[in-house]
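Please read the structure below before turning to the comments.
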Amino acid sequence: MPGSIQVTKLDDNVPNYATFGSQTPHVAANNNGIFVVYLAHEKPGTLNMNWSNVFQWVLKRSTDGGRTFTTVFTGPFRFGKAPEIETDEGDNIYLFDGYYSPRGTDLHSTNLLMYVFSNIDNYRRPKVSEYAHESAGKYTALYDVQRNQFYYLGFGQDSPFLVLAKGGDVTSRYNFFKTGQLAEAEYVHMAMDGGRLYVAWTTTPLGNCGGTPHEWHCSTPVYYSIHFIYSDDGAATWKHPDGTAFTLPVVSDTGGLAPNIVPEKYLGQQAAWLANMTASRGIVHFMYQLSPLKNEIYQAFRTAPFSTVHCLENVFGPPAKSGGFGGGGFVAFGNDGIITHDNAGNLYVVTLDTSKPSSGAARGTLAAPLIVLKSSDAGASWSTIASSVQSFAGNSFISGPRVVSSKYGIIGVFTGSETGSWEPNAHQVYFVRITVW
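For what it's worth, our numbering labels the leading residue of the sequence shown as 1064, then goes sequentially.
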């Protein structure tokens, strides 16, 4: 029924970053089912840093609409997050494993791996292509269905932009970023709108706390600005959002020509971190968090000509704040929320409704139900179309596909905590399916 939310627990005792998906989808659907990839196990103590331990990822498949899943493939132990997952018109599955070196070494010294699981042999024996020194700790990849090719981009000025054929051959490679005087590119995102490719990125300040990039223990904000540009010719050339030609490499921060979308009053005062983006019918939509305010900003822009369509601040403000986005008080879902669209142009947001916190949250950890918002007018107005009975707590990073599945509706994966613990292998990973029509 429209508005129903189906939640399936996939695994127990997974890492707290099992589905960290701010820039990489970890779920895909095609004619042969639903596929999810996540970190299934963490080997702690590798570098005495939680996010730099060794992890093992797993690819799973469901053929019954997400009610049950079976393991397709188990990856090796390595540093990094779970791979990006993509599918194509032939129902093949592609994984981009951007594992990286331990802290203290060159983050781009290891290799990017592209796994191709063929529909022909029922995804049994993946073909693996390896790209030397192209790995990155934060990266994104995307399949261009019109041109039958993939794009890959990692963070920082040493990460190249790759155009890859479906068979794995590199058809184009060039430097995308140039580090600015204030900040370098960190989280990178991509979105397609017909034949138009958007690239957006968050920046992180340089040297403010004895290191490059910025370190988590710093007293100043860990993120700075957010920028985007686009291409209409399959990443051969790039344009400013006003339509003028853009010469690469792009200066990553506010000292360059790529427009910054973070309001001036927040620069250097609040960490503005792009959680998700989507593009539909000539408008690109952004959702990002401000910290320590813990508020969300939703913005939408028209390109060529460049103009602001919407800019809603405090849209997911704490329960004490009234009104705002969708008429309620919401915060981003564990720093990540899904913003996506369907083929009819409707927009959807999936996040946590923290105006309804659970009184039984473990160790005081925020627990709240899932909530789904919908806009049928390009983001001008929003309404709630679904809310879960169950509440979820912990480091619940949610990841979803860029376009709503015409067969399954909104699908996603996220990591929750039933104990409130941040210890390694103390979390649960869930699949969610939301019927929207």
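We treat Cβ as the ideally placed atom computed from N, Cα and C, and that holds for glycine.
- DSSP, read as helix, strand or coil, puts K1328 in helix.
- By the neighbour-count criterion, in which a residue is buried when 16 or more other Cβ atoms sit within 10 angstroms of its Cβ, G1479 is buried.
- Of the residues Y1186, N1174, V1179, the one whose Cα lies closest to the Cα of E1197 is N1174.
- The closest CA to that of I1148, considering only I1402, H1089, S1315, Y1293, is found on H1089.
- Between the stretch 1216-1229 and the stretch 1185-1204, the count of C-beta pairs closer than 8 angstroms reaches three or more; the two stretches touch.
- Beta-bridge analysis with DSSP links E1147 to F1159.
- Following the DSSP letters along the chain, one finds E1193 inside the beta strand (DSSP E) bounded by residues 1190-1194.
- If the five residues before and after E1152 are omitted, its C-beta is found closer than 7 angstroms to the C-beta atoms of V1208, all from its own chain and listed in chain order.
- In this structure S1444 does not touch L1433 by the C-beta definition: roughly 21 angstroms separates them, more than the 8 angstroms allowed.
- Looking at the backbone, the Cα of S1288 and that of N1358 are separated by about 16 angstroms.
- Within 10 angstroms of the beta-carbon of N1079 lie 16 or more other beta-carbons, which makes it buried.
- Annotated three-state conformation of L1356 is coil, per DSSP.
- Residue burial is scored here from C-beta neighbours: N1211 has fewer than 16 other C-beta atoms within 10 angstroms and is therefore classed as exposed.
- Residue R1465 holds the alpha-carbon nearest to the alpha-carbon of H1252 among T1498, A1195, R1465, V1499.
- When the Cα atoms are used, L1245 and S1438 turn out to be separated by approximately 36 angstroms.
- Less than 8 angstroms separates the beta-carbon of E1249 from that of F1218.
- Assignment of beta-bridge partners to A1204 by DSSP yields Y1215.
- At a Cβ-Cβ threshold of 8 angstroms, N1409 and N1076 do not count as neighbours.
- Collapsing the DSSP output to three states places P1088 in coil.
- With contacts defined by Cβ atoms closer than 8 angstroms, T1071 and F1460 do not form a contacting pair.
- Proximity to A1456 across T1414, I1473, A1299, I1497 peaks at T1414, based on C-alpha coordinates.
- Of the other Cβ atoms in all chains shown, fewer than 16 fall within 10 Å of the Cβ of E1193; this residue is therefore exposed.
- In this structure, A1299 is the residue among A1299, T1133, P1189, N1185 with its C-alpha nearest to the C-alpha of Y1237.
- Within its own chain, the residues whose Cβ lies closer than 8 angstroms to the Cβ of A1367, once the five positions on either side in sequence are excluded, are K1302, P1304, D1305, G1306, listed in chain order.
- DSSP lists F1118 as the bridge partner or partners of E1105.
- Between V1314 and L1216, the alpha-carbon positions lie close to 15 angstroms from each other.
- For I1097, the closest C-alpha among the options Y1329, G1128, T1267, V1121 is that of G1128.
- Annotation: R1465 is outside any beta strand (DSSP E) and is labelled neither H nor E by DSSP.
- A1430 is a Cβ neighbour of S1454, given a cutoff of 8 angstroms.
- With distances taken between CA atoms, Q1069 lies nearest to R1130 out of Q1119, T1126, R1130.
- Membership of D1316 in any beta strand (DSSP E) is not indicated, and neither H nor E is assigned to it by DSSP.
- The shortest CA-to-CA distance from A1321 to any of V1117, V1262, N1093, A1342 is the one to V1262.
- Here V1285 is near T1267, since their CB atoms are less than 8 angstroms apart.
- Of the other Cβ atoms in all chains shown, fewer than 16 fall within 10 Å of the Cβ of Q1332; this residue is therefore exposed.
- Comparing alpha-carbon positions, the option among T1310, W1264, H1348, Y1293 lying closest to N1323 turns out to be W1264.
- Inter-residue distance for I1473 and P1189 is about 27 angstroms (C-alpha atoms, whole angstroms).
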